């Protein structure tokens, strides 16, 4: 070309820089063709890279690049190269300016993807792309630059797809409204972990549930296409060296692409913990690492082999199972999402025949799987950082793991219906790791949740089927499942009969009595009659213990009573049900009394069962309810029922030798009756109602041998009875409280006579001779008071008679006074009677003041008993006693023996035919007399007379 003649090589270099700076790059091929030695391809590319403005349209110079790279001859139509800028410059000036030119290198700093030195165009284009992005941030210009050349180089194609394409989609297509845009330098400075987190976290800026799927396909999928780039590997290795090393299993992926996709899996698992719905949508709508959008720039999905693709599919499926296990939200929507994920993974891995989540399956399918792999799981297997370990038997996709997780998901559905939601991880932990006791506790918690739901529309037949299915995951429960493989059901360690017993108790608590009888008694089930009885008994006691009122028509007591009424006809011979019946009867009777325990705690039915001595509650009833002692029959019925219920306890029972046989129920009932009567007598005395106490003793505590008819007690008093005699003795010691009114002598005499009669009875009932002196002392004091009262009564009678005798005839209208002889005879008789009484008093005083032994005490007590303890008998024999007194000397006051007393008593009551009626008081007198003589003699070691 004539215009280029006369120019040196230095002029050509300086002209090339001028053409690039002015944007007239079309003449560069001609210039390069004229000076090939001074303008080689690399230098021309560097001049373009250095001096061509980055804002220039790529379409203006990409054809020039193609001509330069291909080495084709320049077009002949290009003429008129403007050389005015350099032709007038001297050679020295040109050389000096050329030496000052600093050209940019073709390879972008830090980018070593193109190792081929001859691949000058790829280096130029990548460096030019970075320059355009840095200077203009117009990334579409970069795409226009690369489109004519990306098919020439695999490196350039990879760089376009893995770096430029995610950047264009991120800044211009997916999130164009973002204030901050990403640059090539920023994106390429990230390792896989950071880039994946950034690209996928952009999902949180929008509300669309499909954004995550789009980002996985278009951003992460394109980014992962360049995982094998040397720069990416270098960044990943540097990041791993500075990060905390987490131990991995031997199956950890080795290729960079597999490692990157594993990081995507970890991100999805972590995202499911905070946004479960988006993670579910990702698994449902994204097919994994093979489902990527490369923008049509490549038909290949990466440089992975078939084995590597299979491993990526398996790890993606394992991530889906891990998301299901890691879901902590037990709500129905979250559970439905987990079910969708599991079904999707089973379909992707061609394991759908092992999933039981299809709508075509029955409501209670039989879940069968190989328990051996599942049994190797441990608590560590359920931790979040172990869910993605390839060797984890729970999440590693297989027929067993899919079947097992399907059973868990179906169980969670049923638990939600039963009102007991549970996370998947907790259900798996119960099924795999818990022992029988823990599983039973959880089962009871589930049953309690069902019962707490106050819905009358519950279909308890279906609920029973659901609970049985939760145990073994089997549709048929009519056969024994003890020989079935392990790991069937959440509560598989709990025996089926125990599950049935818990269901029975739930039916009873829900008041489904007829259904319970129909299932477990009429129709028959795996429970035996003994097991049904035990379960019903536990249900009754549960309702009983939770009752706050003892009335059997209210609350828990009503429930316990209704359960008993429903099942007792079917267990007519059950001793347990009879005891429960007695317990409920006693509790119901106690509810009609006001009863408060210690510290102001109101009485509750459970107090009877936990009280060490329930009979003591009757004592509290008597103390807290005035006049309650008058309802003795009611109290005795309560005591008998407590004995029948097997909860009664006497404090003296602890003193019984362990070598002796325990008392029979009949003896326990008699002891309880005596104890209650003793308490009632004490309560009556505390209320100053001596008459009621006296009546109770005579009619209920007197032994049958002393009564003309039988006593209400079923058995006579035991010789070892330590309750009855104390009650009688306490009543005999009772003293009426002092009143302001003047007491009536006759009333006092009657009261003392009754007391002495009770003390006499206490002598008979005393089980040992130890209390005899105490009883005799009390009896003697009563006798002294009685003698004093009678003496005072006799004096009052004498005063009254004297006053009447001294009345003159004038004071009595119509009266005629006695004659003098009659008056003298009357005064003589009175004087003799006074002398006799005075003499008797002196003799009695003499005897009392003299030292007395126990024999004299006994004889005196016997004589006093004959005279005073039974006034009716003494009155009946008064005439014979008076006759004997007149025929003997006044100083003869010997006391008849006990045999004389008995014979006199019999003779005085004989009728004309010699077979008179034996009165109660005479029998008591005879027994007391014999008891005094023999008992005191036994104390002293004396032998009876007949020996």
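In UniProt numbering, the protein residues as written are 1 to 947. Idealized CB from N, CA, C, for every residue including glycine. All values reported here derive from a predicted model rather than from experimental measurement.
Rounded separation between residue 120 and residue 42 - CA only: Against the chain shown, residue 120 aligns to sequence position 120. Against the chain shown, residue 42 aligns to sequence position 42. Straight-line Cα distance between these residues: approximately 7 Å.
Every unbroken beta strand (DSSP E) within the region 252 to 335, with a cutoff of 3 residues, ordered by chain: Within the region 252 to 335, no beta strand (DSSP E) run of at least 3 residues lies entirely inside it.
Candidates 16, 339, 392, 24: closest to residue 31 by CA position: If you number the chain shown from 1, residue 31 lands on position 31. Nearest of 16, 339, 392, 24 to residue 31, Cα basis: 16.
Inter-residue spacing [alpha-carbon to alpha-carbon] between residue 439 and residue 430: Residue numbering aside, residue 439 sits at position 439 when the chain shown is read from its first letter. Residue numbering aside, residue 430 sits at position 430 when the chain shown is read from its first letter. For residue 439 and residue 430, the distance between alpha carbons rounds to 6 Å.
Residue 800, buried or exposed, once every other Cβ within 10 Å from all chains shown has been counted against 16: As a first step, residue 800 is located in the chain shown; it is residue number 800 there, counting from the start. Exposed: under 16 other Cβ atoms inside 10 Å.
Whether residue 200 touches residue 97 by CB criterion (8 Å): Here residue 200 is taken as the residue at index 200 of the chain shown, counted from 1. Here residue 97 is taken as the residue at index 97 of the chain shown, counted from 1. Taking 8 Å as the Cβ cut-off, residue 200 and residue 97 do not qualify as a contacting pair.
Neighbourhood of residue 549 by C-beta, 7 Å cutoff - its chain only, sequence neighbours within 5 removed: By one-based count along the chain shown, residue 549 stands at place 549. Closer than 7 Å at Cβ, skipping near neighbours: 555, 557, 591.
Beta-carbon proximity list for residue 214, same chain, < 8 Å, skipping 5 on both sides: Your numbering for residue 214 matches position 214 in the chain shown. Excluding positions up to five away in sequence, the list reads 174.
Contact check, residue 7 vs residue 83, beta carbons under 8 Å: Within the chain shown, the letter at position 7 stands for residue 7. Within the chain shown, the letter at position 83 stands for residue 83. Closer than 8 Å, so yes.
Residue burial classification, residue 372 (beta-carbon count within 10 angstroms, cutoff 16): Numbered from its first residue, the chain shown carries residue 372 at position 372. Exposed, since its Cβ has fewer than 16 Cβ neighbours within 10 Å.
Classification of residue 509 by the beta-carbon crowding that lies within 10 angstroms, buried from 16 upward: Here residue 509 refers to the residue found at position 509 of the chain shown. Around the beta-carbon of residue 509, 16 or more other beta-carbon atoms lie within 10 Å, marking it buried.
With 16 other Cβ atoms within 10 Å as the buried cut-off, status of residue 327: Here residue 327 corresponds to residue number 327 of the chain shown, with the count starting at 1. By the C-beta density criterion, residue 327 is buried, having at least 16 other C-beta atoms within 10 angstroms.
Delimiting residues of the alpha helix (DSSP H) encompassing residue 532: On the chain shown, residue 532 is found 532 positions in, with the first residue counted as 1. Element bounds for residue 532: 529 to 545.
DSSP state of residue 122 mapped onto helix, strand, coil: Residue 122 sits at position 122 when you count from the first residue of the chain shown. Reduced to three states, the DSSP call for residue 122 is helix.
Cβ pair residue 547, residue 604 closer than 8 Å: One-based indexing of the chain shown puts residue 547 at position 547. One-based indexing of the chain shown puts residue 604 at position 604. Annotated as proximal: residue 547 and residue 604, with beta-carbon spacing under 8 Å.
Extent of the continuous alpha helix (DSSP H) run through residue 223: Locating residue 223 in the chain shown gives position 223, counting from the first residue. In the DSSP assignment, residue 223 falls within the unbroken alpha helix (DSSP H) covering 221 to 224.
Short Cβ contact (8 Å threshold) for residue 273 with residue 325: Along the chain shown, read from residue 1 onward, the residue named residue 273 stands at position 273. Along the chain shown, read from residue 1 onward, the residue named residue 325 stands at position 325. No, Cβ-Cβ distance for residue 273 and residue 325 is not below 8 Å.
Cβ neighbour criterion (16 or more within 10 Å) applied to residue 745: To locate residue 745, count along the chain shown from 1; it is residue 745. Under the 10 Å beta carbon count, residue 745 is surrounded by fewer than 16 other beta carbons and is classified as exposed.
Cross-strand partners of residue 596 (DSSP beta bridge): Walking along the chain shown from the start, residue 596 turns up at place 596. According to DSSP, which records beta bridges pairwise, residue 596 is partnered with 602.
Nonlocal neighbours in the same chain, by C-beta distance under 8 Å from residue 587, ignoring five residues either side: Taking the first residue of the chain shown as position 1, residue 587 is located at position 587. Result list for residue 587: 544, 550, 552, 557, 605, 608, in chain order.
Nonlocal neighbours in the same chain, by C-beta distance under 6 Å from residue 469, ignoring five residues either side: Locating residue 469 in the chain shown gives position 469, counting from the first residue. The residues are 364.
Supposed close pair residue 503, residue 464 - CB separation, criterion 8 Å: Residue 503 sits at position 503 when you count from the first residue of the chain shown. Residue 464 sits at position 464 when you count from the first residue of the chain shown. Correct: roughly 5 Å between the Cβ atoms.
Backbone CA spacing between residue 86 and residue 53 [nearest angstrom]: Sequence index remark: in the chain shown, residue 86 carries index 86 (1-based). Sequence index remark: in the chain shown, residue 53 carries index 53 (1-based). Spanning the two alpha carbons is a distance of roughly 21 Å.
Boundaries of the alpha helix (DSSP H) in which residue 107 is found, first to last residue: Here residue 107 corresponds to residue number 107 of the chain shown, with the count starting at 1. Segment: none, residue 107 is in no alpha helix (DSSP H) and carries neither H nor E.
Element boundaries [alpha helix (DSSP H), containing residue 760]: Taking the first residue of the chain shown as position 1, residue 760 is located at position 760. Looking at the DSSP string, the run of the alpha helix (DSSP H) that includes residue 760 is 745 to 765.
Buried versus exposed call for residue 391 [16 or more other C-beta atoms within 10 Å across all chains shown]: Along the chain shown, one-based indexing puts residue 391 at 391. Classification for residue 391: exposed.
Validate contact between the region 160 to 172 and the region 133 to 142 using beta carbons, cut 8 Å, 3 pairs: Result yes; three or more Cβ-Cβ pairs closer than 8 Å.
Cβ contact (3+ pairs, closer than 8 Å) linking the region 626 to 634 and the region 677 to 689: Two segments are said to touch when three or more pairs of C-beta atoms, one from each, lie closer than 8 Å; by this definition the region 626 to 634 touches the region 677 to 689.
Residue 642 versus residue 583: straight-line alpha-carbon distance, rounded: Counting from 1 along the chain shown, the entry for residue 642 is found at position 642. Counting from 1 along the chain shown, the entry for residue 583 is found at position 583. C-alpha separation (whole angstroms): 6 Å.
Secondary structure of residue 673, DSSP reduced to three states: To locate residue 673, count along the chain shown from 1; it is residue 673. Three-state DSSP puts residue 673 in a helix.
Proximity of residue 144 and residue 58 at Cβ, strictly below 8 Å: By one-based count along the chain shown, residue 144 stands at place 144. By one-based count along the chain shown, residue 58 stands at place 58. Yes, the Cβ-Cβ distance between residue 144 and residue 58 is below 8 Å.
Three-way DSSP call (helix, strand, coil) for residue 100 in this model: The residue given as residue 100 occupies position 100 in the chain shown. If DSSP states are grouped into helix, strand and coil, residue 100 belongs with the helices.
Cβ-based neighbour list, residue 397, same chain, cut-off 8 Å, excluding 5 preceding and 5 following: For the purposes of this step, residue 397 is taken as the residue at position 397 of the chain shown. Taking residue 397 as the centre and dropping the five residues before and after it, the same chain places the C-beta of 314, 317, 318, 321, 345, 349, 351 closer than 8 Å to its C-beta, in chain order.
Coarse secondary structure for residue 473, derived from DSSP in three states: By 1-based counting over the chain shown, the position of residue 473 is 473. If DSSP states are grouped into helix, strand and coil, residue 473 belongs with coil.
Where the alpha helix (DSSP H) containing residue 4 begins and where it ends: Locating residue 4 in the chain shown gives position 4, where the first residue counts as 1. First-last for residue 4: undefined, no H or E at that position.
For residue 458 and residue 473, believed in contact at Cβ under 8 Å, the rounded distance: The sequence position of residue 473 within the chain shown is 473, counting from 1. The sequence position of residue 458 within the chain shown is 458, counting from 1. The Cβ separation is near 23 Å, so there is no contact.
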